[in-house]
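Colleague:
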Amino acid sequence: MDSSRQSKLVKKILDVCVEPVAFVVLFFVILNRIIIGGGWINITHSTIEKVFMEYILWMLDGALFLWIASQKKNLPEYLILWKRNWILLGFILFAISSMFWSENIIVSLYKVFVLVACSLIAAYIGITYSCNLILRKLMWYFAIIACLSYVLALLIPAAGTHIGYPYFGAWRGLFFHKNYLGTIMSFATTVLLFLIIAEKKINNQIIYFCLFLITAGLVYFSRSATGIILFVTLNAGLLLAYVWIKWKNHLRRSHYIALGIIFAVVVILALSNLDFLFGLLNKDTTLTGRLPLWSFLINNGMINHPWFGSGFGATWASDQFRRITQAADGWGFASLSSDNGLVDIYLHLGLVGILLLISSVILFVYRVTRYALREQTLISFLPAIIMVFIIIANISVSFFLEFESLGWFLMVFALFATTPLPHANQAEPEIT
0 MDSSRQSKLV
10 KKILDVCVEP
20 VAFVVLFFVI
30 LNRIIIGGGW
40 INITHSTIEK
50 VFMEYILWML
60 DGALFLWIAS
70 QKKNLPEYLI
80 LWKRNWILLG
90 FILFAISSMF
100 WSENIIVSLY
110 KVFVLVACSL
120 IAAYIGITYS
130 CNLILRKLMW
140 YFAIIACLSY
150 VLALLIPAAG
160 THIGYPYFGA
170 WRGLFFHKNY
180 LGTIMSFATT
190 VLLFLIIAEK
200 KINNQIIYFC
210 LFLITAGLVY
220 FSRSATGIIL
230 FVTLNAGLLL
240 AYVWIKWKNH
250 LRRSHYIALG
260 IIFAVVVILA
270 LSNLDFLFGL
280 LNKDTTLTGR
290 LPLWSFLINN
300 GMINHPWFGS
310 GFGATWASDQ
320 FRRITQAADG
330 WGFASLSSDN
340 GLVDIYLHLG
350 LVGILLLISS
360 VILFVYRVTR
370 YALREQTLIS
380 FLPAIIMVFI
390 IIANISVSFF
400 LEFESLGWFL
410 MVFALFATTP
420 LPHANQAEPE
430 IT
């Protein structure tokens, strides 16, 4: 075999193998730190040793996707779309700048590295792969997580469930906390509902439905109020989108007005009966003590670092800050985060950072909404569902790169998947 044929064979093998490996590495690393033994505990001490492998994996994944980009030759478009999404770029640059005033430069360096790496890869995936393809990759990803979570919870309860106070047997599965299991699996059920609705073959529908029940079971066993709320909201939202797509040509302005009135009445009734609704979930209107905690943290931030925060990722890396917070909130254990994405970003990056993040989220919502209304296909609602998921999840779980990168990956992917390309070469939606 001559050298020319050998080089072509090597290139063909790489083309076939690189993409699956790149996604496997990505899907592992974005949840690494909330998986049992993944290094979620205080990274102040021996930081480099705890996250060294994560640095390596992110760099490896970046190299793999760079190879893919070199083969697809779409880097120029990629750079153009970053210019169009300059608001997000502004937030990232501000987070990078926070290393100059960070209270823990090593931790901030690590968090900034993850932010940049995840953003670059998610953005490239958003412009390169269709929502349909990513949906199916997520299905396999969540199916594996769900199966491993059942194995741990049923066969090794000490690892897969919370033993004793304060959760008394609630399942956590593959993760260190039940709220991550409930939150992530609620999104998994919606991914599967997409496929159930779209699938034409009855055998595949049965498989997807079984997986839907499996992931829904994990939401239930996690006893996560956030997970249950997301399960209802996301799946109801997807079903409403499906009904609208099918019946939109029969709807008139009067129908939309009536639906708007019904929605407003439901919201008013819900807000006026919060005690009852939270009681159904065995919660109270303080969100299990979160509201007093947030009040303390916001006041603390206003006193110490109102404008620029303590540095990206630095706040909760301080043992002293955790002890002060524990004394203030009266919990029997030290907090690991504020359990709110916006509050944590405020602590890390101050008012400037929170304004940049909110501006970015507004851009995301605008892009995904415009895309869904323009395409009017089921798959075109995936980015919008992602944004609903991220916004609701961050109310009671820190889902902005505090412990994991899945939320940030999904959000940046949704933005770039819905940002118009300079040429008409976006992949057409395949699910109708």
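In numbering that gives the first Met the number 0, the protein residues as written are 0 to 431. The C-beta atom is built at its ideal place from N, Cα and C for all residues, glycine as well. Treat the numbers as computed from the prediction; the structure is a model and nothing was measured.
(1) Starting from F174, follow its DSSP beta bridges and name the residues at the other end.
(2) P75: buried (16+ other C-beta within 10 angstroms of its C-beta) or exposed?
(3) So what's T189 in DSSP terms, helix, strand or just coil?
(4) From which residue to which residue does the alpha helix (DSSP H) around N298 run?
(5) Starting from the N-terminal side, write out each stretch of the alpha helix (DSSP H) that is 4 residues or longer and does not extend beyond the stretch 240 to 284.
(6) Count Cβ pairs between the stretch 312 to 324 and the stretch 94 to 105 that sit closer than 8 Å; are there 3 or more?
(7) State the CB to CB distance for the pair L59 and V17, rounded to an integer number of angstroms; the pair is presumed to be in contact (CB under 8 Å).
(8) Whole angstroms are fine: how far does the CA of A383 sit from the CA of Y241?
(9) Return no unless some Cβ of chain B is closer than 8 Å to the Cβ of I378.
(10) Are I196 and Q375 closer than 8 Å when you measure CB to CB?
(11) Alpha helix (DSSP H) containing S148: first to last residue?
(12) Given that a residue counts as buried once 16 or more other Cβ atoms are within 10 Å of its Cβ, and exposed if not, what is A263?
(13) In angstroms with no decimal places, state the Cα-to-Cα distance between K247 and T188.
(14) What did DSSP end up calling W39 once you bin it into helix, strand or coil?
(15) In chain order, what residues of the same chain have a beta carbon less than 6 Å from the beta carbon of A450, not counting five sequence neighbours either side?
(16) Can you tell me whether R373 is buried or exposed, with buried defined as 16 or more other CB within 10 angstroms of its CB?
(17) Cutting at 6 Å between CB atoms, please list the residues of its own chain near G216, excluding the five before and the five after it.
(18) By a C-beta neighbour count over all protein chains shown, 10 Å radius and 16 as the cutoff for buried, is A269 buried or exposed?
(19) Work out the CA separation of V113 and K72 for me, nearest whole Å.
(20) Candidates K199, D328 and C117: which alpha carbon is nearest F64's?
(21) What are the partner residues of T160, as DSSP defines its beta bridges?
(22) Does the beta-carbon distance from V28 to A316 come in below 8 Å?
(23) Pull up the distance between the alpha-carbon of W139 and that of R252, whole angstroms please.
(24) With a threshold of 16 other CB atoms inside 10 Å of the CB of R222, please say whether the residue is buried or exposed.
(25) From what residue to what residue does the alpha helix (DSSP H) around N202 run?
(26) What did DSSP end up calling E53 once you bin it into helix, strand or coil?
(27) Counting pairs of Cβ atoms below 8 Å between the stretch 225 to 240 and the stretch 385 to 392, do you hit three or more?
(28) Have a look at L436 and A62 and give me their C-alpha separation to the nearest angstrom.
(29) For the alpha helix (DSSP H) that contains S107, what are its first and last residues?
(30) Which class does F311 belong to by DSSP, given the choice of helix, strand or coil?
(31) When you compare the CB positions of L134 and V218, do they come within less than 8 Å of one another, or not?
(32) Just reading off the alpha helix (DSSP H) that S96 is part of, what are its end residues?
(33) How do the stretch 340 to 353 and the stretch 304 to 311 stand: do at least 3 beta-carbon pairs fall below 8 Å, yes or no?
(34) Ordered along the chain, which non-local residues of its own chain (more than five positions away) have a Cβ less than 7 Å from that of D338?
Modeller: Concretely, from the data shown:
(1) Looking at the DSSP assignment, F174 forms a beta bridge with I34.
(2) Exposed, because fewer than 16 other Cβ atoms sit within 10 Å of the Cβ of P75.
(3) Helix at T189.
(4) Secondary structure note for N298: its alpha helix (DSSP H) is the uninterrupted segment R289 to N303.
(5) Those alpha helix (DSSP H) runs which fall completely within the stretch 240 to 284 and span 4+ residues are 252 to 271 and 273 to 279.
(6) With the cut-off at 8 Å, the stretch 312 to 324 and the stretch 94 to 105 touch.
(7) Contact between L59 and V17 fails: their C-beta atoms lie close to 11 Å from each other, not under 8 Å.
(8) One C-alpha to the other measures close to 13 Å.
(9) The structure shown has no chain B; it contains just one protein chain.
(10) No; because the gap between Cβ atoms is not below 8 Å, this pair is not in contact.
(11) In this chain, the alpha helix (DSSP H) harbouring S148 covers C130 to L154.
(12) Counting Cβ neighbours within 10 Å, A263 comes out exposed, since fewer than 16 surround it.
(13) Their Cα atoms are separated by approximately 25 Å.
(14) At W39, the pLDDT of 47 sits below 50, so the modelled position is not reliable and the matter cannot be decided from this model.
(15) Nothing can be reported for residue 450, as the shown portion of the chain is limited to 0 through 431.
(16) Exposed: under 16 other Cβ atoms inside 10 Å.
(17) Once the five neighbours on either side are set aside, G216 has no close Cβ partner at all.
(18) Exposed.
(19) Roughly 25 Å between the two C-alpha positions.
(20) Closest option to F64, judged by alpha-carbon separation, among K199, D328 and C117: C117.
(21) Partner(s): W170.
(22) In this structure, A316 does not lie closer than 8 Å to V28 by Cβ.
(23) It is roughly 41 Å from the alpha-carbon of W139 to the alpha-carbon of R252.
(24) The C-beta of R222 has 16 or more other C-beta atoms within 10 Å across all chains shown, which makes the residue buried.
(25) I201 to S221 is the span of the alpha helix (DSSP H), which, as asked, contains N202.
(26) Here E53 carries a helix assignment [DSSP, helix/strand/coil].
(27) Touching, yes, given that three or more Cβ pairs across the two stretches are closer than 8 Å.
(28) The shown model of the chain, from 0 to 431, leaves out residue 436, and the question about it has no answer.
(29) First-last of the alpha helix (DSSP H) with S107: I104 to T127.
(30) The answer is coil: DSSP assigns F311 none of H, G, I, E or B.
(31) For L134 and V218, no; Cβs fall outside 8 Å.
(32) Secondary structure note for S96: its alpha helix (DSSP H) is the uninterrupted segment W85 to S96.
(33) The stretch 340 to 353 is in contact with the stretch 304 to 311.
(34) Taken in chain order, the residues that qualify are R289, S395, V396 and S397.
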